[in-house]
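Some notes on the structure that comes next.
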Amino acid sequence: MKPQRGKNSKKKGEVDPVEVYCRVRPLDNPDDNCCVKPLSTTVVQLIPPENSLAVARNGQIKEYQFTFQYVFDEYTSQKAVFDYVACPLVDDLLRGKNGLLFTYGITSSGKTYTMTGSPKDQGVLPRCLDVLFNSISGVQAKKYVFKSDKMNGFEVQSEADAMMERQKRDIMPGITTPKTPTTHRRGNFGDQERISDPTILSSVDDDNQYAVFVSYIEIYNNYVYDLLEELPYDPITGYKPPQTKILRTDSSDCMYVMNCVEVEITSPEEAFEVLFKGQKRRKVAHTALNAESSRSHSIFNIRLVQAPLDPRGEEVLQDPDKICVSQLSLVDLAGSERTHRTKNAGDRLKEAGNINQSLMALRNCIEILRDNQKNSSNKMVPYRDSKLTHLFKNYFDGEGKVRMIVCVNPKGDEFDETIHVMKFAELSQEVLIARQQQVRFDIGLTPGRRKMNYKEKFKSEDDLCTAPKVPAFDFSLGPGFPPFELLRSSDDIVLPQLEKFLVERQKRREALQLDLDRQNDEFRAQLVEFERNYEQAIVQNDELQQRVEKSESYIQDKEVKIRQEKSEKERLRNDFKTRLDINNQHWERNLEKERQKIEQDYGGQIWEKQHKLNMLRNIVNEGDSDAMPAPQETFRTPAPKTRTHTTPGKLLSARSENDMRKIGNTPTPRSRTATTGTSLSAARANLKPTPRSTSNSNTPKPTPAYNPRHRRSRSSNAEIWLDHRPQGNVELDTVLQPKIKKKKSVSKLEGECLPTAGGGTAVVFNDVETLTQTSPGSRKRRSSCPQPQDFEGDWTDVEDRCNVAMEGHGNARNINHPYKKYQTTSTFSLKPLVGATLALKALLNSRSSLPLASDDVMTYTPLPGRWYPHSL
Ligand code: ADP
Ligand code: MG
50 MKPQRGKNSK
60 KKGEVDPVEV
70 YCRVRPLDNP
80 DDNCCVKPLS
90 TTVVQLIPPE
100 NSLAVARNGQ
110 IKEYQFTFQY
120 VFDEYTSQKA
130 VFDYVACPLV
140 DDLLRGKNGL
150 LFTYGITSSG
160 KTYTMTGSPK
170 DQGVLPRCLD
180 VLFNSISGVQ
190 AKKYVFKSDK
200 MNGFEVQSEA
210 DAMMERQKRD
220 IMPGITTPKT
230 PTTHRRGNFG
240 DQERISDPTI
250 LSSVDDDNQY
260 AVFVSYIEIY
270 NNYVYDLLEE
280 LPYDPITGYK
290 PPQTKILRTD
300 SSDCMYVMNC
310 VEVEITSPEE
320 AFEVLFKGQK
330 RRKVAHTALN
340 AESSRSHSIF
350 NIRLVQAPLD
360 PRGEEVLQDP
370 DKICVSQLSL
380 VDLAGSERTH
390 RTKNAGDRLK
400 EAGNINQSLM
410 ALRNCIEILR
420 DNQKNSSNKM
430 VPYRDSKLTH
440 LFKNYFDGEG
450 KVRMIVCVNP
460 KGDEFDETIH
470 VMKFAELSQE
480 VLIARQQQVR
490 FDIGLTPGRR
500 KMNYKEKFKS
510 EDDLCTAPKV
520 PAFDFSLGPG
530 FPPFELLRSS
540 DDIVLPQLEK
550 FLVERQKRRE
560 ALQLDLDRQN
570 DEFRAQLVEF
580 ERNYEQAIVQ
590 NDELQQRVEK
600 SESYIQDKEV
610 KIRQEKSEKE
620 RLRNDFKTRL
630 DINNQHWERN
640 LEKERQKIEQ
650 DYGGQIWEKQ
660 HKLNMLRNIV
670 NEGDSDAMPA
680 PQETFRTPAP
690 KTRTHTTPGK
700 LLSARSENDM
710 RKIGNTPTPR
720 SRTATTGTSL
730 SAARANLKPT
740 PRSTSNSNTP
750 KPTPAYNPRH
760 RRSRSSNAEI
770 WLDHRPQGNV
780 ELDTVLQPKI
790 KKKKSVSKLE
800 GECLPTAGGG
810 TAVVFNDVET
820 LTQTSPGSRK
830 RRSSCPQPQD
840 FEGDWTDVED
850 RCNVAMEGHG
860 NARNINHPYK
870 KYQTTSTFSL
880 KPLVGATLAL
890 KALLNSRSSL
900 PLASDDVMTY
910 TPLPGRWYPH
920 SL
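Start counting the sequence shown at 50; every next residue gets the next number (the numbering used here).
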């Protein structure tokens, strides 16, 4: 069905010549010299004016006669030109054939007038559109049923899809180019009323659907521009120049302008909108010859797409092979005048040059085509020399009819240009173009589908309208009885007539009865069917209702379960919380009990240790006189332990071995070294106290070796040289000092008694036998005194200092845990005690007084609950 384009030129006998028509326009001024004279409907005569170049030197005037397909004189109407030249092309278009119509001539010869005309006297183009739409009215496809495939072809989409696209474009009108004309412009030709052409062509296939697409291009300076393309607008520079388009070949070897805007139109008015829009854009250059003269070739393409209806006659058959596209190209060529006559210069000259060049290319092509056909030669036709010939190459190759209207301005001044035009036009007629094959629309489907469909639709609509009415059943038993009056018994006319009538009536009755029975049966069958359906529906309905009920109850059950689960979860959470609290409390109680138990245990152990210690003391003191009783612990009641700041270095009265080493020495470590020397004087010198001037006022004074003012017992001659035991119970915060009864001889004790600076005697041991006992754990012993001068912290271990005071040793430090306190106490070290005892014995032996500082305060302040829980 698709036209076989470009394939027919080789077939002999099926060729048509290029048909050239001549139209002579009237003179602008009747007084002007006229050089054109139509001699007949086919012949026109050109008579050169006297000033023409064609006049021979001898003054002879040579007349030229040109023969064309038809010559329209100046009185010929637009309608006549259209009917004769363009209407057959529209007819071909409807039949699926292509057509090309040129208007050719010099500037101001009437080309644009012939092509476009005026609203009141329309030219070829609007009439083509009028006639086209008049003809396809009723068989026109709805918009967007046919859709461009962007490659010069078309596709069919369903009416539903087309409707969707229509709605989409209604919502977004920017997509359509141009917009559907508004109603106030309908029927107008621009702003003026137009008189449309009423012709209707009958070459439309009723079983086809048609759609019209138009495009509008121009060729200017041998560049192709799309006149319907939206130009980008810049507020400063204005409209940007249009982009040139390129020519392409489609799948059928047809030339087309790539990416050219093609608009589907459903009425001539829409087409005019497109035309006017394009004309606005058209580059119209004004030359000295004609202010309206166009310097470009404008091409208005009308493409008619048609496709057969489906077998039901409702929608377009969606088969791309069944789509037929035909094209009518209406070309308004630029003026063919020579350059020098237009007084062109610069750009205009270039334009004119290009115009002539493309027209020359057209001439060349036509001449070579003619030569090839005449001489059976095969010279290559230079279509590509210009865009104009390249674009229409297919037409000359046999793609459709080519027609040309040569417009002639009869003015004498135009003779020299006109003669060239006429010569070329006449020559063009000799070119034969292969006739396009008749497109066969018969695709095997029943003709008249649309009408049938329409009738059925109409009928069904009518039936619907008349449905409530009683059907017009014919229950008549026939005509009435014939006259059956018997004139005589042997009447052999009436009786047979009557008999015949009755037989007829009987037959009719029987037929009616049969029909009635049949209809009854049918009705009964329908009724039964209906009843069965109804019962089925009831059953289904019941089933559905049951399912709904089940589902509802199921949902309710689930909801109840969810609620139960939630409440159970909440209950469990609360229960767990309660249990956890109880458990915690229980554990705390247990821990407290355990703690108390451990405290008691350790307290007992401590007491036991203390007891042993006391016994040990007694043993140690056994050697002494009976005046030396065992130290008695006076603290019975544990009292809150208050922290007391005592000056570091005060606890010098009873010291460990290390401390004793320092007694009599300066606090510097050097002193020990000095005392171990052999020189007594040197040792004495070392025992001199540090001059006061060197000590800082803020730092504690260096502890003197002893202070005789505070001595409360004699140390030089008495057996008991220290006795600080209080009478009875002592109050808390009582100052305690050890009570050492008797000296104890130590066999291996070597030392020297040195007088101290304060007037006393210091004992320097050279060799002391010591008893050691390893304390468990890793407790550090802290040197009790002297403390560093920058010491500013609390003296927290009063009990330790008291221990020192009482027992001659410092206790373990850094005890924070209450249980460790007991441990510390229980791991009592004998070493300092022995050391202190030895020191004392040495003193006794040497009849020296024990160096005790006057401010040696031993504060013994137990902490509540931390000091020995059982009374010592
Ligand atoms: P072209 O397009 O060839 O340059 P136009 O079509 O613009 O020339 O015609 C120039 C002028 O001549 C226009 O004003 C037009 O109205 C007038 N004209 C041309 N042909 C005719 C005609 N056949 N009848 C009346 N006026 C015409
Ligand atoms: Mg023109």
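Ideal Cβ positions, reconstructed from N, Cα and C, are used throughout, including at glycine.
C-alpha distance - residue i paired with residue j, whole-angstrom precision
i, j, result
"Thr722", "Leu803", "With a pLDDT of only 36 at Thr722, under 50, the local geometry of the prediction cannot be trusted, and the value read off the model is given with reservation. Straight-line Cα distance between these residues: approximately 16 angstroms."
"Ala135", "Glu448", "17 angstroms"
"Thr691", "Val812", "For Thr691, the predicted structure reports a pLDDT of 41, less than 50, and the residue's modelled location is therefore unreliable. The matter cannot be settled from this model."
"Leu629", "Glu637", "12 angstroms"
"Glu648", "His660", "18 angstroms"
"Glu364", "Glu548", "59 angstroms"
"Gln118", "Asp210", "48 angstroms"
"Glu801", "Glu641", "56 angstroms"
"Tyr113", "Pro281", "51 angstroms"
"Val609", "Leu621", "18 angstroms"
"Cys84", "Tyr193", "52 angstroms"
"Ser525", "Leu565", "13 angstroms"
"Glu212", "Asp299", "Just to set this straight, residue 212 is Met in the shown sequence, not Glu. Cα-Cα distance, rounded: 29 angstroms."
"Glu214", "Arg331", "31 angstroms"
"Val67", "Glu479", "7 angstroms"
Distance CB(residue i)-CB(residue j) smaller than 8 angstroms
i, j, result
"Cys2", "Gly154", "In the structure as shown, the chain begins at 50 and stops at 921. Residue 2 is therefore absent and cannot be evaluated."
"Asp65", "Leu481", "yes"
"Ala324", "Phe349", "A quick correction: the sequence has Leu, not Ala, at residue 324. Contact flag set, yes."
"Ser158", "Asp465", "no"
"Ile454", "Thr152", "yes"
"Val380", "Leu150", "yes"
"Met304", "Lys450", "no"
"Phe131", "Val173", "yes"
"Tyr265", "Gly202", "no"
"Asn82", "Pro97", "no"
"Arg452", "Glu63", "no"
"Ser407", "Ile268", "yes"
Environment of residue i [buried if 16+ CB atoms lie within 10 Å]
i, result
"Phe533", "exposed"
"Phe347", "Per the sequence shown, residue 347 should be read as Ser rather than Phe. Ser347 should be labelled buried."
"Phe530", "exposed"
"Ile668", "exposed"
"Ser425", "exposed"
"Tyr432", "buried"
"His635", "exposed"
"Tyr583", "exposed"
"Asn670", "buried"
"Arg666", "buried"
"Glu592", "exposed"
"Val597", "exposed"
"Ile604", "exposed"
"Val120", "buried"
"Lys217", "exposed"
"Met164", "buried"
"Glu129", "Note on residue identity: the sequence assigns Ala, not Glu, to residue 129. So Ala129 counts as exposed."
"Ser602", "exposed"
Expected contact under 8 angstroms - CB spacing of residue i and residue j to nearest Å
i, j, result
"Val180", "Thr125", "With 8 angstroms as the limit, Val180 and Thr125 do not qualify as a contact, their Cβ atoms being about 18 angstroms apart."
"Ser477", "Val69", "6 angstroms"
"Leu437", "Leu418", "About 15 angstroms; that fails the 8 angstroms criterion."
"Met471", "Leu95", "6 angstroms"
"Lys199", "Gln206", "Not confirmed; about 14 angstroms, so no contact."
"Phe262", "Glu208", "18 angstroms between Cβ atoms; not a contact."
"Glu475", "Thr116", "7 angstroms"
Would you call the segment 248–255 in contact with the segment 138–146, where contact means no fewer than 3 C-beta pairs closer than 8 angstroms? Yes: the two stretches touch, three or more of their Cβ pairs being nearer than 8 angstroms.
Could you say if the segment 300–317 and the segment 171–191 meet the contact criterion of at least three C-beta pairs nearer than 8 angstroms? Contact between the segment 300–317 and the segment 171–191 is present: 3 or more CB-CB pairs across the two stretches fall below 8 angstroms.
Flag this pair as touching only if the segment 271–285 and the segment 365–378 have three or more C-beta atom pairs under 8 angstroms; answer yes or no. No, they do not touch.
Inter-stretch contact at 8 angstroms, needing at least 3 Cβ pairs: the segment 494–504 / the segment 354–371: yes
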